[in-house]
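Trainee: Quick one: structure below, then a few questions.
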Amino acid sequence: MFEDFLGQAGHENLCKAKLVLFGEPSPLTFALQLRRDMNSGLHDANQRILSSDSLTVVEENVHPKHLLPHDIECLKAKGAFIYPEAEILGEMINVFLDRFYPLYSVVNPTDLRKAQEERKLPWILLHSVCFIAMTFCESAMIYQAGFSCRAQARRLYYDRAKALFDFNYENNKIILVKVAILLSFKGPQMDCYWNPCSWIEIGVTMAVALGMHRKSIAMNGKSNDRGLLRRLWWTLAVRDAHCSALLGRPFRINMAQCDIEMLKENDFPDEHTCRSPTTPLSCNCRQSFEYQIQATKLSLFLRDIMHFRFGPTSVSSTIGIIHEQLMGWKAQLPTAMQFLRGQSSVSTWAVQLDILLNYHIMLLHMDQPRQSRPNPSSLSTAVPGGYDSTAIAESSALAVSSSAIKLITRDSICNTPHEVFPGFFMAGIILYQQAQQAQNTHLARMIRASFDNCQMLLTQAQNTWDPGIWAMKVFEFLLLAADAVDAAEAQIPSAIVAALLDSGAPVKVLYRPGSDISSLPDSVAKTVVDLDNPDATVAALQDVDIVISLVGHEGVTRQLALVNAIPKTNVRLFVPSDLAARYDEQGLRIPVNHAKDGIERAARAAGIPVTVVLTGNFAEFALATPAMGVDRRNNRIIFTGESEHKALNLCTKPYVAAAYASLFASTSIDQLKDRTIGLCEIRATGSEIAHMLTEQHGSRTCRKHESMESIGELIETSLATGSNFALAFYCRKIWGSGQQTQMMGDDFWDVKVYQKASLHDLIVGDRLQEYRLLPPAVLESFESHFEQGV
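Heads up: the sequence shown begins at 1365 in this note's numbering, then just goes up one per residue.
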C-alpha cells in the first residue's frame, strides 16, 4: 500500500528503485501502523511474479526507462541482448526443466515455457537459465550450441547475466531472487569476491524484501505462486547452509527470525508431476519433490552442526542430541527415499540423501585439528553417551566413498545436486587422515582405494562443480610427497636397471635417501645422493661417463639438479627420462610432457650431449590397462577417431630394457650423442588389436567409437582442472589421428639378436606383462567410458 502511494504522480523521483521493505520492527513500521487501514502484513510479496520491466524488450527492442543510453550501449557490447537460436534455446530450456528443476524447483515450468515461446523471457533470467543449462547438460550439447568447451559456454552466459545485474537492468525482485539462486552455481574463484555466498546474500536481501521468510505473506495470487515463493525461500536456505559450510562463511539467513512453513508436496506445481493416490512417490517427478523436501529439512541440521562445532557462540546442543536428531530424520524418510545397503533397486534420490546424511555425520563427528572454543565433548575418543566419534566419522566416509560408483554408473554426473559433492570432499579428507595413521600397510592400501573413489568422482564433477577444482588441488598437495616417494622406489628394480646390470658394463646406481634398494645385488655400486645438495650431486657423478635417468613422472623436474651438476663433472652423455614421443603443442601443455621438454632444453642449453629414447606407448600400458580404450579382460575396445585403421607404436618393457643395454652398454658415445632414437617392437591398428581380442576370447569384440571432438574436450577439461587423466586421453587422441607413429621420428634403433614379441604373442599367447598397479578408482574411471556408450 505504501509502495503504491510512493508510485503515484509526484513521487517518481522519490522512489525510482521501488525498494520498499517493511514488516520487521523498525521506526518506519511503527509509523505506518498508525494508519488504521493498514493490516499487519507490510511486505509486498505480490510484486508482479510473472511480469518484468524487461518483458517487452525482446520483441520491441526497448529498454527500461531508468537506464542511460551509454549503459545500453555498454550492455550491447557485452552481448547482453543476443538471443540464442530458437532451436538451441529450446534444448537449453529442456535441460533446465529436465535436470535442474527436479533438484531446485525455482520456476513454474508452464510459465517458463510460455515466456520462451512468446520470446518474453527477461534478459537476465534468459542468460541465467542458459548458464545453468550449460552447467548441467551433457558434453554433446556444448558443441551443438557452438562452444569448444563447457567452461567457455558457462562463462559467456554468466558474464551476460552479471552485466545486466551490475547495470540494475532488472528491478523485479522475484526475478532477481531466481537469478541470484541460479548464478550462485558459479565459482568460487579464489581471487574474486563474487562467489556463491555473494549471490545468496543478494537473493536473501530480495527475498526478505518480499517477506518470503514470514508465514503471513501478503499474497493475493494463485496457490502456485504461493508455492513458488516458498520454494524460492527454502532453496535459498539450502544453498546458504551448504555454500557457507563449504566455504567457511557465516550464514546469510538467521533462521531464528523466520517462521515460514516447511516445504510440502502441494508447494510444487501439479503440471510437472504424475500423481497417483494409490502409489505414493510412484514417479520420478514426485520423488524429486520429496528429495527437495527432505534435503531442506536436513539443511537445518547442518546449521546446528556448524554452530555447535565451529561457531564462536556457545549452544546448548551436544553431539549426542544432534546425532539423534539426524537419526530421527532418517527414520521418518518415506520408504522410497530410504537407502538400504546391499539393495540393488534403491533409487538415485535415496543414494543422494544418504550421502547428504553421512556428510552431516562427518561434519558432526570429525576430529578437529584445532578448537576455537572449549568443546563439551572430545571427538577423538568415545563421546559420553556411547558415541565413538572417530569410528562414526570413518564409517560415514567409507559409506560415501562406496556410493561414488553408484552415482557414476547409474546416471550422468551432470544430474547430481551440487550439495552432494562436498560429501566426497569431506570423506576424502577423513580417509586420507585414516590412511596416514594406519599401522598396517595392507589396511592403508584398502583405505587409499576408498580415498581414490572420492578423487575419481570429484575429478569428473569438477567440470560442472567449480569447487571441485580446488578440492582436487588440495588432495594433490596432500598426496604429492607420499606419491613421489612411492613412485621413485618403484623405479629401482625396473627391467631397464636389471638389463644394464646383466650387460656386464660397469654400473653405479644413484638413489635418493629413503629408497628401498634391497633388490639390488651387493656387488652393484650404489651411492645415496640428495639432489637438493648440489655439492653431493656433483661428487656422486665424478666417475660417471653416461648418466641415465629413470625417474617416474613425479621426478621429472628433479632431473634439473643433474643438468646443473653435469657441467662440473666429466660426464659425456645425459639420457633424460622420456620413453614417450615428440608431442605437439597440446601435448606439451600436459605438465609431465612440458617438464620433460624443459629438462631436455635445459641440458642442451648447458652444452650437455643428450640422447633421447622414444618408445611410443608401452604395450603393458596400452593393452593391459583400459586407459587407451583397450579392455583385454572384458573383450571391449573403443576406437577414437580413426584408431581402428591407424597404427600404434608399441614396445614391451623387456624390449626397451634390451634396447637400453644394447645402446648404452656396448655402443660408443660418439655414435649416440645428440640423437633422438626411436624404438619399435610392434605396430598395430585398432582393428588388428580387436581381431586378436576376438581370437583370445572366442567371441566378437565389443566395439564402440569415440569422436575426436569428445576426446578433445576430455583433454581440455583435464588440462583446465589439473587432472592426471590428460595424458591418457591425449595418447588416445594422437592414436586416432595417426600422429603417434609420426611423432617417433625416423631414427630407429634395432636390437640385435632379440626376438621381438608379436601382437598375437602378447594377447592370444598371454605373454603381456602387467602394467604397474593402478588405483581402483583410476581403473573404474577408465572403465566407465566403455559403459557410457561413447
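By construction, the Cβ of each residue, glycine as well, lies at the ideal position given by its N, Cα and C atoms.
Since the structure is predicted, the reported quantities are computational estimates derived from the model, not experimental observations.
(1) Consult DSSP for residue 2112 and reduce its assignment to one of helix, strand or coil.
(2) Check whether the Cβ atoms of residue 1963 and residue 1930 lie closer than 8 Å to each other.
(3) Per DSSP, residue 2067 forms a beta bridge with which residues?
(4) Tell me which residue opens and which closes the alpha helix (DSSP H) that residue 2015 is part of.
(5) Suppose the cutoff is 8 Å on Cβ atoms and the five residues either side in sequence are ignored; what does the same chain contact list for residue 1539 look like?
(6) For residue 1799 and residue 1662, I'd like the C-alpha separation in whole angstroms.
(7) Contact check, residue 2105 vs residue 2047 under 8 Å by CB: the rounded distance?
(8) Closer than 6 Å by C-beta to residue 1951: which residues in its own chain qualify, once you throw out the five before and the five after it? Chain order, please.
(9) Can you list, in chain order, the residues of its chain with a C-beta nearer than 8 Å to that of residue 1895? Leave out the 5 residues immediately preceding and following it.
(10) Which runs of the alpha helix (DSSP H) at least 4 residues long sit entirely within the stretch 1510-1580? Give them in chain order.
(11) Excluding the 5 residues flanking residue 2056 on each side, which residues of the same chain have their C-beta closer than 7 Å to its C-beta?
(12) When you compare the CB positions of residue 2100 and residue 2072, do they come within less than 8 Å of one another, or not?
(13) Which complete alpha helix (DSSP H) runs does the stretch 1441-1470 hold, if anything under 4 residues is left out?
(14) Considering only residues of the same chain and omitting the five flanking positions on each side of residue 1932, which have a CB-CB separation below 8 Å?
(15) Under the assumption that residue 1570 contacts residue 1541 (Cβ atoms under 8 Å), give the Cβ distance between them as a whole number of angstroms.
(16) Please return the same chain residues whose Cβ sits closer than 6 Å to the Cβ of residue 1777, not counting the five positions on each side in sequence.
(17) Look at the alpha carbon of residue 1795 and the alpha carbon of residue 2149, and state the distance between them as a whole number of angstroms.
(18) With distances taken Cα to Cα, identify the nearest neighbour of residue 1908 among 1934, 1915, 1916 and 1890.
(19) Between the stretch 2013-2029 and the stretch 2077-2084, are three or more C-beta pairs nearer than 8 Å?
(20) Compute the beta-carbon to beta-carbon distance between residue 1784 and residue 1595, rounded to the nearest angstrom, for a pair I have assumed lies under 8 Å.
(21) Does the beta-carbon of residue 1624 have 16 or more other beta-carbons within 10 angstroms, so that it is buried, or is it exposed?
(22) Mark residue 1691 as exposed unless 16 or more other C-beta atoms lie within 10 angstroms of its C-beta, in which case mark it buried.
(23) Please identify the residue among 1999, 1482, 2066 and 1980 whose C-alpha is closest to the C-alpha of residue 2103.
(24) Can you give me the C-alpha to C-alpha distance between residue 1816 and residue 1430, rounded to a whole angstrom?
(25) Quick one: Cα of residue 1391 to Cα of residue 1629, how far?
(26) To the nearest angstrom, report how far apart residue 1788 and residue 1945 are at their CA atoms.
(27) If I measure Cβ to Cβ from residue 1467 and keep anything under 6 Å in the same chain, skipping five residues before and after, which residues do I get?
(28) Counting only the same chain and skipping the five closest in sequence on each side, list residues whose C-beta sits under 6 Å from that of residue 1917.
(29) I need the boundaries of the beta strand (DSSP E) containing residue 2046, first residue and last residue.
(30) Tell me which residue opens and which closes the beta strand (DSSP E) that residue 1938 is part of.
(31) Write down the C-beta distance between residue 1524 and residue 1442 rounded to the nearest angstrom, noting that I regard them as a contact closer than 8 Å.
(32) Taking all protein chains shown into account, decide if residue 1830 is buried (16 or more other Cβ within 10 angstroms of its Cβ) or exposed.
(33) Whole-angstrom Cβ separation of residue 1836 and residue 1822, contact assumed at under 8 Å?
(34) Do residue 2158 and residue 1874 have their CB atoms nearer than 8 Å?
(35) Could you give the C-beta distance for residue 1477 and residue 1779, rounded to a whole number, given that I count them as a contact under 8 Å?
(36) Could you say which of 1553, 1545 and 1551 lies nearest to residue 1566 if we only look at CA atoms?
Mentor: On the basis of the coordinates in this document:
(1) strand
(2) no
(3) For residue 2067, the beta-bridge partners assigned by DSSP are 2001.
(4) Premise fails: residue 2015 lies in the beta strand (DSSP E), 2011-2015, not in any alpha helix (DSSP H).
(5) Cβ within range, chain order: 1416, 1486, 1488 and 1489.
(6) Distance between residue 1799 and residue 1662, taken at the CA atoms: about 30 Å.
(7) 7 Å
(8) 1957 and 2094
(9) 1876, 1901, 1922, 1925 and 1926
(10) 1514-1530, 1537-1547 and 1560-1573
(11) Contacts found: 2123, 2124, 2127 and 2128.
(12) Going by C-beta atoms, residue 2100 is nearer than 8 Å to residue 2072.
(13) 1450-1459
(14) 1902
(15) 5 Å
(16) 1824 and 1825
(17) 26 Å
(18) 1934
(19) no
(20) Not really, about 19 Å apart at Cβ, beyond 8 Å.
(21) buried
(22) A residue is called buried once 16 or more other Cβ atoms fall within 10 Å of its Cβ, and residue 1691, having fewer, is exposed.
(23) Per the Cα distances, 1980.
(24) Put simply, the backbone Cα of residue 1816 is about 54 Å away from that of residue 1430.
(25) 38 Å
(26) 36 Å
(27) 1781
(28) So the list reads 1956, once near-sequence residues are dropped.
(29) 2046-2049
(30) 1937-1939
(31) 6 Å
(32) buried
(33) 6 Å
(34) Since the first and last residues shown for the chain are 1365 and 2154, residue 2158 lies out of range.
(35) That belief does not hold up - the Cβ atoms of residue 1477 and residue 1779 are roughly 21 Å apart, past 8 Å.
(36) Nearest option by C-alpha distance: 1545.
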